[in-house]
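Visitor: A single structure is presented below for examination.
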Amino acid sequence: MTVSHLEAATDAYAVDAALGDFLAERRAEAEALGSDVVAMVAELESYVLGGGKRMRPAFALLGWIGAGGDPDGPAAAAVVRACAGLELLHAAALMHDDIIDASRTRRGRPAAHVALAGQHRTRRFSGDADAFGTGTALLLGDLAQSWADALIRASGLPADAQARIGPVWSAVRSEVLYGQLLDLINQASRAEDVDSALRVNRYKTASYTVERPLQFGAAIADAPAELVAAYRAFGADVGIAFQLRDDLLGVFGDPEVTGKPSGDDLREAKRTVLLATALQRADEHDPDAALFLRSVIGTDLSDDELATVRRVLVDVGAVARVERQISLRTERAVAVLEASGAGRPAKQRLADMAVHATQRTR
Numbered sequence: 309m310t311v312s313h314l315e316a317a318t319d320a321y322a323v324d325a326a327l328g329d330f331l332a333e334r335r336a337e338a339e340a341l342g343s344d345v346v347a348m349v350a351e352l353e354s355y356v357l358g359g360g361k362r363m364r365p366a367f368a369l370l371g372w373i374g375a376g377g378d379p380d381g382p383a384a385a386a387v388v389r390a391c392a393g394l395e396l397l398h399a400a401a402l403m404h405d406d407i408i409d410a411s412r413t414r415r416g417r418p419a420a421h422v423a424l425a426g427q428h429r430t431r432r433f434s435g436d437a438d439a440f441g442t443g444t445a446l447l448l449g450d451l452a453q454s455w456a457d458a459l460i461r462a463s464g465l466p467a468d469a470q471a472r473i474g475p476v477w478s479a480v481r482s483e484v485l486y487g488q489l490l491d492l493i494n495q496a497s498r499a500e501d502v503d504s505a506l507r508v509n510r511y512k513t514a515s516y517t518v519e520r521p522l523q524f525g526a527a528i529a530d531a532p533a534e535l536v537a538a539y540r541a542f543g544a545d546v547g548i549a550f551q552l553r554d555d556l557l558g559v560f561g562d563p564e565v566t567g568k569p570s571g572d573d574l575r576e577a578k579r580t581v582l583l584a585t586a587l588q589r590a591d592e593h594d595p596d597a598a599l600f601l602r603s604v605i606g607t608d609l610s611d612d613e614l615a616t617v618r619r620v621l622v623d624v625g626a627v628a629r630v631e632r633q634i635s636l637r638t639e640r641a642v643a644v645l646e647a648s649g650a651g652r653p654a655k656q657r658l659a660d661m662a663v664h665a666t667q668r669t670r
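Using our numbering, the letters of the sequence shown map in sequence onto residues 309 to 670.
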């Protein structure tokens, strides 16, 4: 199998087609509940299909192919449907995350709770529009997670494969919630140590973005333990590097490219590795910079204050240190992958995805 053939087998179109078919069936089911519920389900459908990189299904499919799965074989369609369930879990996590973080936008569009509040106003419903938007977005996120279970169960995977993926699926669902809990606790307690921030990255991002999806695909293929261990090591490093890049983009990214306002992580006092590193280095080398950072983090930063924070992050060496961590983790991940028993085309595609995920601009 060539790499170009592999790229075609794992691109977003197959996953989108599986999601589209499944969501159309759910919309038809909702018709029995009336037009208002259909409208809400249509909003969820638009949210799921309206954007995103489809990274999680792609990593899962590559985990399966790298362990011997045949993308041209009779099992491929069922595997694609099962892996598409990871995208519904991702949608649920994003909808809930935007509520928790009070984020107004996602992918350059209004966040789900904001869009649903807008529907309330447009239709002149009674009551508080923002409360309606929050409540319905929470429920739709729950619905997306429930549907992720249903899509995997109805994927057509044989019983033995369903049994193997069960523990992995349970773990990824739990770990993303553990990560969110750790994130909230760190923020509320004003945790400043790098280890606490890295723990959030491991569970909130690395686990369900790369590590567990690869293991999910490997479980479908009944991969040997050695390959699963290599996938998990690769996934942990790439997933953390992915989040470190996200932390940098949250402060330095172009909103026109990222689809999110720049500096929101600082305004919300998110306890990122970038911030923890900056505080640590400022305490050691520039106490005035440390005092400044602690005085403005968590406030409604003006453009001038944001520009000053950016300069401080660069001047104390935090940006350079995070960039080095991204490079080191990516290199280590690719080395582990290269030494693994994964098939050669999948190895190359996974290595390319690792570089893309950690060097992206959005």
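We treat Cβ as the ideally placed atom computed from N, Cα and C, and that holds for glycine.
What residue range is occupied by the uninterrupted alpha helix (DSSP H) comprising I493?
Guide: Translated into the one-based positions of the sequence shown, residue 493 becomes position 185. Where I493 is concerned, the enclosing alpha helix (DSSP H) stretches over 467-497.
Visitor: Starting from L397 and walking both ways along the alpha helix (DSSP H), at which residues does that stretch end?
Guide: Against the sequence shown, residue 397 aligns to sequence position 89. L397 -> alpha helix (DSSP H) spans 384-408.
Visitor: Just list the alpha helix (DSSP H) runs in the segment 508-575, keeping only unbroken ones of 4 residues or longer that don't cross its boundaries, in chain order.
Guide: Runs found: 520-528, 533-560, 563-566, 572-575.
Visitor: Can you find the residues in the same chain that come closer than 7 angstroms, C-beta to C-beta, to G328, ignoring five residues on each side of it along the sequence?
Guide: Your numbering for residue 328 matches position 20 in the sequence shown. Excluding residues within five positions, the ones whose Cβ falls inside 7 angstroms are L357.
Visitor: In terms of residue numbering, what span does the alpha helix (DSSP H) encompassing I634 cover?
Guide: Counting from 1 along the sequence shown, the entry for residue 634 is found at position 326. Start and end: 626-646.
Visitor: Identify the continuous alpha helix (DSSP H) that holds Q427 and give its terminal residues.
Guide: Working through the sequence shown from its first residue, we reach residue 427 at position 119. Run containing Q427: 420-430, per the alpha helix (DSSP H) assignment.
Visitor: By how many angstroms is the C-alpha of I493 removed from the C-alpha of A544?
Guide: Counted from its first residue, the sequence shown places residue 544 at position 236. Counted from its first residue, the sequence shown places residue 493 at position 185. Their backbone Cα atoms lie some 22 angstroms apart in a straight line.
Visitor: Using 8 angstroms as the cut-off, can you tell me whether the segment 453-461 makes contact with the segment 425-433, which would need three or more C-beta pairs spanning the two stretches below that distance?
Guide: Short answer: they don't touch.
Visitor: Could you say which of Q488, V346, Y321, I373 lies nearest to A401 if we only look at CA atoms?
Guide: Within the sequence shown, numbered from 1, the residue matching residue 401 stands at position 93. Looking at the Cα atoms, Q488 is the closest of the given residues.
Visitor: According to DSSP, R414 sits in a beta bridge with which residue or residues?
Guide: For this step, residue 414 is matched to residue 106 along the sequence shown. For R414, which the question treats as bridged, DSSP gives the partners R417.
Visitor: How would you write the range of the alpha helix (DSSP H) that K655 sits in, first residue to last?
Guide: One-based indexing of the sequence shown puts residue 655 at position 347. Unbroken alpha helix (DSSP H) run through K655: 652-666.
Visitor: Whole angstroms are fine: how far does the CA of L583 sit from the CA of R507?
Guide: To locate residue 507, count along the sequence shown from 1; it is residue 199. To locate residue 583, count along the sequence shown from 1; it is residue 275. When rounded, the distance between both Cα atoms is 14 angstroms.
Visitor: Quick check: the segment 333-351 against the segment 503-522, are at least 3 beta-carbon pairs closer than 8 angstroms?
Guide: As far as the Cβ criterion goes, the segment 503-522 does not touch the segment 333-351, which means the pair count is below three.
Visitor: To the nearest angstrom, report how far apart G651 and D378 are at their CA atoms.
Guide: Translated into the one-based positions of the sequence shown, residue 651 becomes position 343. Translated into the one-based positions of the sequence shown, residue 378 becomes position 70. Distance between the alpha carbons of G651 and D378: 11 angstroms.
Visitor: Going by DSSP, what residue range makes up the alpha helix (DSSP H) through I373?
Guide: In the sequence shown, the residue the question calls residue 373 occupies position 65. Per DSSP, I373 belongs to the alpha helix (DSSP H) from 363-374.
Visitor: In the structure shown, what three-state DSSP assignment does S454 receive?
Guide: Sequence index remark: in the sequence shown, residue 454 carries index 146 (1-based). Reduced to three states, the DSSP call for S454 is helix.
Visitor: Quick one: what does DSSP say F433 is sitting in, helix, strand or coil?
Guide: Within the sequence shown, the letter at position 125 stands for residue 433. Coil.
Visitor: Starting from T616, trace the alpha helix (DSSP H) both ways and give me its first and last residue.
Guide: By one-based count along the sequence shown, residue 616 stands at place 308. Looking at the DSSP string, the run of the alpha helix (DSSP H) that includes T616 is 611-623.
Visitor: If A375 and M661 are in contact, beta carbons under 8 angstroms, what's the gap, nearest whole angstrom?
Guide: Numbered from 1 along the sequence shown, position 67 holds the residue referred to as residue 375. Numbered from 1 along the sequence shown, position 353 holds the residue referred to as residue 661. So it is not a contact: roughly 16 angstroms between Cβ atoms.
Visitor: How far does the alpha helix (DSSP H) with L587 in it extend, from its first residue to its last?
Guide: As a first step, residue 587 must be located in the sequence shown, where it is residue number 279. 581-593 is the extent of the alpha helix (DSSP H) around L587.
Visitor: Could you pull the start and end residues of the alpha helix (DSSP H) that G328 belongs to?
Guide: For the purposes of this step, residue 328 is taken as the residue at position 20 of the sequence shown. Element bounds for G328: 320-338.
Visitor: Can you give the Cα-Cα distance for S482 and A541, rounded to whole angstroms?
Guide: As a position in the sequence shown, residue 482 is number 174, starting the count at 1. As a position in the sequence shown, residue 541 is number 233, starting the count at 1. Each residue's Cα considered, the two are about 19 angstroms apart.
Visitor: Does V565 pass the burial test, meaning 16 or more other C-beta atoms within 10 Å, or should it be called exposed?
Guide: Within the sequence shown, residue 565 is the residue found at index 257, counting from 1. Its Cβ having fewer than 16 others within 10 Å, V565 is exposed.
Visitor: Hey, how far is the Cα of E353 from the Cα of R629?
Guide: Position 45 of the sequence shown holds residue 353. Position 321 of the sequence shown holds residue 629. E353 and R629: Cα-Cα distance of roughly 40 angstroms.
Visitor: What's the C-alpha gap between A499 and R579?
Guide: As a first step, residue 499 must be located in the sequence shown, where it is residue number 191. As a first step, residue 579 must be located in the sequence shown, where it is residue number 271. If you take the alpha carbons of A499 and R579, they lie about 7 angstroms apart.
Visitor: Taking just the CA atoms, how far does R472 sit from P563?
Guide: As a working note, residue 563 is residue 255 in the sequence shown. As a working note, residue 472 is residue 164 in the sequence shown. The alpha-carbon atoms of P563 and R472 are separated by roughly 41 angstroms.
Visitor: Going by DSSP, what residue range makes up the alpha helix (DSSP H) through L357?
Guide: Locating residue 357 in the sequence shown gives position 49, where the first residue counts as 1. L357 -> alpha helix (DSSP H) spans 343-357.
Visitor: Exposed or buried, which one is A399 when buried takes at least 16 other CB atoms within 10 Å?
Guide: Counted from its first residue, the sequence shown places residue 399 at position 91. Buried, since its Cβ has 16 or more Cβ neighbours within 10 Å.
Visitor: So, using beta-carbon positions, are V627 and A590 closer together than 8 angstroms?
Guide: Along the sequence shown, read from residue 1 onward, the residue named residue 627 stands at position 319. Along the sequence shown, read from residue 1 onward, the residue named residue 590 stands at position 282. Their beta carbons are not under 8 angstroms apart, which means V627 does not touch A590 by this criterion.
Visitor: Between I460 and D324, what straight-line distance do the alpha-carbon atoms span, to the nearest angstrom?
Guide: By 1-based counting over the sequence shown, the position of residue 460 is 152. By 1-based counting over the sequence shown, the position of residue 324 is 16. Distance between the alpha carbons of I460 and D324 is about 15 angstroms.
Visitor: Determine contact between the segment 400-418 and the segment 443-452, defined as no fewer than three beta-carbon pairs at a distance below 8 angstroms.
Guide: Contact holds: three or more Cβ-Cβ distances are below 8 angstroms.
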